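Just so we're aligned, residue 26 is where the sequence shown starts under my numbering, counting upward by one.
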Amino acid sequence: MSDTDTQLTGVDLLHNPLLNHGTAFTEEERDAYKLRGLLPPRVFTQERQVQRSLGNYRKKLTDLERYIYLISLEDRNETLFYRLVMDNLEEMMPIIYTPTVGKACQEFAHIFRRPRGLYISTEDKGRIAEIIANWPHDDVEVIVVTDGERILGLGDLGINGMGIPVGKLSLYTACAGIHPAKTLPITLDVGTENEKLLADPLYIGLPQRRVRGAEYDAFVDEFMTAVSTRYPNAMIQFEDFANLNAFRLLHKYRNAYCTFNDDIQGTASVTLAGIYSALRLTGGKLTEQKLLFLGAGEAGIGIADLIVSAMMDEGLSEAEARQRCWFVDSRGLVESSRTNLADHKLPYAHDFAPQTDFLAAVNALQPTGIIGVSGMGQMFTQPIVAAMAKINERPIVFALSNPTSNSECTAEEAYTWSDGRAIFASGSPFDPVEYKGQTYVPGQGNNSYIFPGVGLGVVAVKARHVPDEMFMAAARTLAQLVTEEDLAKGRVYPSLKRIREVSAAIGTAVAEIAYAKNLARVTRPDNLPAFIEAQMFQPVYD
Ligand code: NAD
26 MSDTDTQLTG VDLLHNPLLN HGTAFTEEER DAYKLRGLLP PRVFTQERQV
76 QRSLGNYRKK LTDLERYIYL ISLEDRNETL FYRLVMDNLE EMMPIIYTPT
126 VGKACQEFAH IFRRPRGLYI STEDKGRIAE IIANWPHDDV EVIVVTDGER
176 ILGLGDLGIN GMGIPVGKLS LYTACAGIHP AKTLPITLDV GTENEKLLAD
226 PLYIGLPQRR VRGAEYDAFV DEFMTAVSTR YPNAMIQFED FANLNAFRLL
276 HKYRNAYCTF NDDIQGTASV TLAGIYSALR LTGGKLTEQK LLFLGAGEAG
326 IGIADLIVSA MMDEGLSEAE ARQRCWFVDS RGLVESSRTN LADHKLPYAH
376 DFAPQTDFLA AVNALQPTGI IGVSGMGQMF TQPIVAAMAK INERPIVFAL
426 SNPTSNSECT AEEAYTWSDG RAIFASGSPF DPVEYKGQTY VPGQGNNSYI
476 FPGVGLGVVA VKARHVPDEM FMAAARTLAQ LVTEEDLAKG RVYPSLKRIR
526 EVSAAIGTAV AEIAYAKNLA RVTRPDNLPA FIEAQMFQPV YD
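Shown next, in the form of C-alpha cells:
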C-alpha cells in the first residue's frame, strides 16, 4: 500500500478496501482512527462477518449476482473478501473465475460499478509511463494484462475483458498468498471487432476497430518498457490475447522481461501434471506416449511444446519428441502436405497420410492419449473413446475445453464408453460418477493449480525470467502431490482444498529453478520452503 494509506482515519479509512475492517474494528482502533459514530456500536469478529457475508452470498439467485456481490465485497473489505473466498474456494472459484467471470465480462459495461486496475488505451500512446505512475502502489509484484481479444471461449470482448485480470489476480492472492496490494490488473484498450459492443452506448472502451500491425506492436512495446521501468521486479502475465498476438508476444518478450502467457504455458503445465499422474496409473513413461490433440491453438500447441521439452529432458531428441505429438484442427490432421499452416503448427506437421476426421486419425495413429482443446463440445464421441479403450488398457482422455458445454465429452461418457478404464480429466469441473459399483472422481485441469504457485516462486526470489523449466518443475511437483487415494478414484489432481500447500510447494520448486539457472535476484535463504511460505498473505486483520 502507499505510504499515505497507513495514516488514514475516519471515512477515508472505511473507504479503503485494503485497510477497512468494517464492523470488526476494535474499540481501541475506533478511538485511535476516529471511527466512533461512523460504525454501528457492536464489534464483530471476522468469523461473524464471514457468516453474514456467506448468508448474503447464498441468498443471491444467479451466479452473476453472486459475482457482483463478491466484487462489491472486494471493493469494501479485501481482507474479508479473501477470508470468505479462501474458506469456500471450491464454491466460489467458479464465480470469481471461469465460468461466471465470462458472463461478467460479457455484461461488464452494464454491471460496471467501481474501477479496479489500470485501463491504458491507444489514445494514451506516448504517455503510458505517466498513466502507470498514477497507480498508487509502489511495490507491485504480479501484473496480469489482457487486450481482451480472446476472452475465455467468448472471443473479442474489448475492454470488458478487464474481469479476467481482476479474477486471475484474486486467485493469485487466494491460492498463493500474493498480497492484494502487490497485484495490478491491466487492460490494454486497442479497440474491438465486436459489433455488439461497438453499437452499445454503454460500452466503456474506445468504440473503434482494433489497432493492428506496427501501431499495435509499438503500443505494446511502449507499455512493456513503461511498466517494467516502474516495476522492475514484477512478473507480467499475458492473458487472453488472440493467437495471432499471443505466440508472437511470448517469443518476443520471454527472454527480455519477467513474463509468461498462462493460456499457453500455464495450461501446458497443468496438463503435463495430469499426464505425469496418469502415468502413475498406467506405469508407462512420458517418452513412450503418443498424444493426439484435437485443436491446435494456444492451449494445444502450448501443451505439446512443454511435453516436447519434458521428453527431451528425459532423453529424446527434439525431433523424436515432436513425433510423439500430433494434431487435428478444424481442417483435419496437421501433416506435411497441408498448405498455409500457421507458424505455430509447423513443427507438428509430420509426414503422414491426410486424415479428415478425428476417429480416422485415432485409428491410424494409435495414440496413448487424446487431448481435447478445440473449444468444441461433444467431439469425443462414443466410437472415439471406445477406439481409445481398444488400443489402450488405460487410455488417457483429457477433455479440456471450457465451459462445461464445450467439453469434448463428459466424465460419465468417458468412463462408460471405456468400461471404466479411461483416465479422464476436464477443463471444467464434473461431479463424481458411479459406474458398475465404483465411484470415479474426475480431475479438473485447472490452471489455478499452477500459475499462483509459479508467481509466488518467481516474485519471492525476484526471478528475471520465467523459463519453461519452471513450468516443468511445477508440473512434476503438482503430480507428486496427488495421493494414492486420489489415484485410486481416477483423480489426477489433488483436491483444491489443498491449494495453498500446492502453491507453496510449486513456489519452492520454481524458486529452485531460478537459483539453478542463475535467474534469482535474492540471496538464497537457508530454508527455501519456509522463506516461500513466510511470504504468503493471510486474510487476517492486523
Ligand atoms: P484457440 O482458439 O487458440 O484454439 C482452438 C483450436 O481448436 C484452433 O486450432 C482451432 O482451429 C481448433 N478447432 C476449432 N474447431 C475445431 C474442430 N471442429 N475440430 C478440430 N479443431 C477445431 O483456443 P485455446 O486457447 O487453445 O483454447 C481451446 C480450448 O481449451 C478452450 O475451450 C479453452 O477453454 C480450453 N482451455 C482449457 C484449459 C484448462 O483446462 N486448464 C486451459 C486453457 C484453455
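Ideal placement from N, C-alpha and C gives every residue a C-beta, glycine not left out. The model shown is predicted, which means the values in this text are computed figures rather than measured ones.
Let me know if Pro-457 comes out buried or exposed under the rule of 16 or more other beta-carbons within 10 Å of its beta-carbon.
-> Taking the first residue of the sequence shown as position 1, residue 457 is located at position 432. A residue is called buried once 16 or more other Cβ atoms fall within 10 Å of its Cβ, and Pro-457, having fewer, is exposed.
Who are the near neighbours of Ser-27 in its chain, counting only those whose CB is closer than 8 angstroms to its CB and skipping five residues on each side?
-> Numbered from 1 along the sequence shown, position 2 holds the residue referred to as residue 27. Any reading at Ser-27 is ruled out, since the residue's pLDDT is 46, under 50, leaving its predicted position unreliable.
Whole angstroms is fine: what's the gap from Arg-83's alpha carbon to Arg-237's?
-> The count along the sequence shown starts at 1 and reaches residue 83 at position 58. The count along the sequence shown starts at 1 and reaches residue 237 at position 212. Answer to the nearest angstrom: the Cα atoms are 44 angstroms apart.
Helix, strand or coil: how does DSSP classify Asn-280 here?
-> Working through the sequence shown from its first residue, we reach residue 280 at position 255. Residue state, collapsed to three classes: coil.
Answer yes if the region 466-483 comes into contact with the region 280-295, meaning at least three C-beta pairs across the two stretches below 8 angstroms, and no otherwise.
-> Taking 8 angstroms as the limit for Cβ pairs, the verdict is that the region 466-483 does touch the region 280-295.
Would you mind working out which of Ala-303, Arg-77, Met-187 sits nearest Pro-420, comparing C-alpha positions?
-> By one-based count along the sequence shown, residue 420 stands at place 395. When each option's Cα is compared against that of Pro-420, the closest is Ala-303.
Tell me which same chain residues have a C-beta within less than 8 angstroms of the C-beta of Pro-119, skipping the five on either side of it?
-> The sequence position of residue 119 within the sequence shown is 94, counting from 1. Cβ within range, chain order: Asp-88, Thr-125, Pro-454.
Between Gly-151 and Arg-234, what straight-line distance do the alpha-carbon atoms span, to the nearest angstrom?
-> Translated into the one-based positions of the sequence shown, residue 151 becomes position 126. Translated into the one-based positions of the sequence shown, residue 234 becomes position 209. If I take the Cα positions, the gap works out to 20 angstroms.
For Ala-281, which option in Ser-253, Thr-292, Thr-429 has the closest C-alpha, if you only look at C-alpha atoms?
-> As a position in the sequence shown, residue 281 is number 256, starting the count at 1. Ranking the options by Cα distance to Ala-281, first place goes to Ser-253.
Limits of the unbroken beta strand (DSSP E) element including Leu-481 | The sequence position of residue 481 within the sequence shown is 456, counting from 1. Unbroken run through Leu-481 is the alpha helix (DSSP H), 476-485; no beta strand (DSSP E).
Taking Cβ positions, are Ala-439 and Val-466 nearer each other than 9 angstroms?
-> Position 414 of the sequence shown, counted from the first residue, corresponds to residue 439. Position 441 of the sequence shown, counted from the first residue, corresponds to residue 466. No.
Report the rounded CA-to-CA distance for Thr-29 versus Thr-171, giving the unit in angstroms.
-> Locating residue 29 in the sequence shown gives position 4, where the first residue counts as 1. Locating residue 171 in the sequence shown gives position 146, where the first residue counts as 1. Because Thr-29 carries a pLDDT of 48, less than 50, the predicted location of this residue cannot be relied on, and the following value inherits that uncertainty. Each residue's Cα considered, the two are about 30 angstroms apart.
Identify the continuous alpha helix (DSSP H) that holds Val-507 and give its terminal residues.
-> As a working note, residue 507 is residue 482 in the sequence shown. It is not in any alpha helix (DSSP H) - Val-507 carries neither H nor E in the DSSP assignment.
Among Gly-142, Pro-140, Asp-112, Tyr-92, the one whose alpha carbon lies nearest that of Thr-123 | Within the sequence shown, residue 123 is the residue found at index 98, counting from 1. Put simply, of Gly-142, Pro-140, Asp-112, Tyr-92 the residue whose alpha carbon is nearest the alpha carbon of Thr-123 is Tyr-92.
Can you check DSSP and say which residues form a bridge with Glu-459?
-> The residue you call residue 459 lines up with position 434 of the sequence shown. The partner list for Glu-459 (beta bridge, DSSP) reads Thr-464.
Residues bridged to Asp-354 (per DSSP) | One-based indexing of the sequence shown puts residue 354 at position 329. Partner(s): Gly-357.
In chain order, what residues of the same chain have a beta carbon less than 7 angstroms from the beta carbon of Leu-581, not counting five sequence neighbours either side?
-> Any answer about residue 581 is impossible in this case: the structure gives the chain only from 26 up to 567.
Continuous alpha helix (DSSP H) stretch holding Gly-397: start and end = Reading the sequence shown from its first residue, position 372 is the one you call residue 397. Segment 394-397 is the beta strand (DSSP E) holding Gly-397; no alpha helix (DSSP H) there.
Does the ligand NAD have a heavy atom nearer than 8 angstroms to the CB of Thr-296?
-> In the sequence shown, the residue the question calls residue 296 occupies position 271. Checking the Cβ of Thr-296 against the ligand NAD gives yes.
Contact between the region 488-508 and the region 548-560: three or more CB pairs below 8 angstroms?
-> No: the two stretches stay apart, fewer than three of their Cβ pairs being nearer than 8 angstroms.
Roughly how many whole angstroms lie between the Cα atoms of Ala-259 and Asn-543?
-> As a first step, residue 259 must be located in the sequence shown, where it is residue number 234. As a first step, residue 543 must be located in the sequence shown, where it is residue number 518. One C-alpha to the other measures close to 17 angstroms.
Report buried or exposed for His-135, applying the criterion of at least 16 other Cβ atoms within 10 angstroms of its Cβ.
-> For this step, residue 135 is matched to residue 110 along the sequence shown. Residue environment for His-135: exposed (fewer than 16 other C-beta atoms within 10 angstroms of its C-beta).
Please name the residue, chosen from Glu-166, Ile-229, Thr-364, that lies closest to Phe-133 on a Cα-to-Cα basis.
-> Within the sequence shown, residue 133 is the residue found at index 108, counting from 1. The shortest C-alpha separation from Phe-133 is found at Ile-229.
Per-residue burial, Arg-347 [other beta carbons within 10 Å of its own, 16 or more giving buried] | To locate residue 347, count along the sequence shown from 1; it is residue 322. By the neighbour-count rule (16 or more Cβ atoms within 10 Å), Arg-347 is buried.
So, do the region 176-195 and the region 237-247 have three or more beta carbon pairs nearer to each other than 8 angstroms?
-> Pairwise C-beta distances place the region 176-195 out of contact with the region 237-247, as fewer than three of them are shorter than 8 angstroms.
Same chain, Cβ closer than 6 angstroms to Pro-232, five either side skipped, listed in chain order = Residue numbering aside, residue 232 sits at position 207 when the sequence shown is read from its first letter. Closer than 6 angstroms at Cβ, skipping near neighbours: Leu-223.
Helix, strand or coil at Arg-91 [DSSP, three-state] | Position 66 of the sequence shown holds residue 91. In the structure shown, Arg-91 sits in a helix (DSSP, three-state: H, G or I).
Find the nearest neighbour of Cys-200 within the set Asn-472, Ala-534, Thr-508, judged by alpha-carbon distance.
-> Indexing the sequence shown from 1 puts residue 200 at position 175. Closest option to Cys-200, judged by alpha-carbon separation, among Asn-472, Ala-534, Thr-508: Asn-472.
For Ala-439, three-class secondary structure by DSSP = Against the sequence shown, residue 439 aligns to sequence position 414. Collapsing the DSSP output to three states places Ala-439 in a helix.
Just mark Glu-369 as buried or exposed, buried being the case when its beta carbon has 16 or more other beta carbons within 10 Å.
-> Within the sequence shown, residue 369 is the residue found at index 344, counting from 1. Residue identity differs from the one stated: residue 369 is His in this sequence, not Glu. With 16 or more other CB atoms across the displayed protein chains lying within 10 angstroms of its CB, His-369 is buried.
Nearest residue (CA-CA) to Glu-116, options Asn-388, Thr-406, Gly-402, Leu-79 = Position 91 of the sequence shown, counted from the start, is the residue given in the question as residue 116. Checking every option, the nearest Cα to that of Glu-116 belongs to Leu-79.
State the start and end residues of the unbroken alpha helix (DSSP H) segment that holds Val-184.
-> Stepping through the sequence shown from its first residue, residue 184 is reached at position 159. Note that residue 184 is Ile in the sequence shown here, rather than Val. If you look at Ile-184, you'll find it isn't in any alpha helix (DSSP H); DSSP assigns it neither H nor E.
Per DSSP, Phe-449 forms a beta bridge with which residues?
-> Your numbering for residue 449 matches position 424 in the sequence shown. Per DSSP, Val-422.
Among Arg-523, Ala-329, Leu-319, Arg-349, which residue has its Cα nearest to the Cα of Ser-432?
-> The residue given as residue 432 occupies position 407 in the sequence shown. Minimum Cα-Cα distance from Ser-432 among the listed residues Arg-523, Ala-329, Leu-319, Arg-349 corresponds to Leu-319.
Could you name the residues of the same chain whose beta carbon sits closer than 8 angstroms to that of Glu-418, not counting the 5 residues immediately before and after it, in chain order?
-> Position 393 of the sequence shown, counted from the first residue, corresponds to residue 418. The residues are Thr-307, Arg-446.
DSSP three-state call for Gly-35: helix, strand or coil?
-> Reading the sequence shown from its first residue, position 10 is the one you call residue 35. Assignment of Gly-35 by DSSP, reduced to helix, strand and coil, places it in the helix class.
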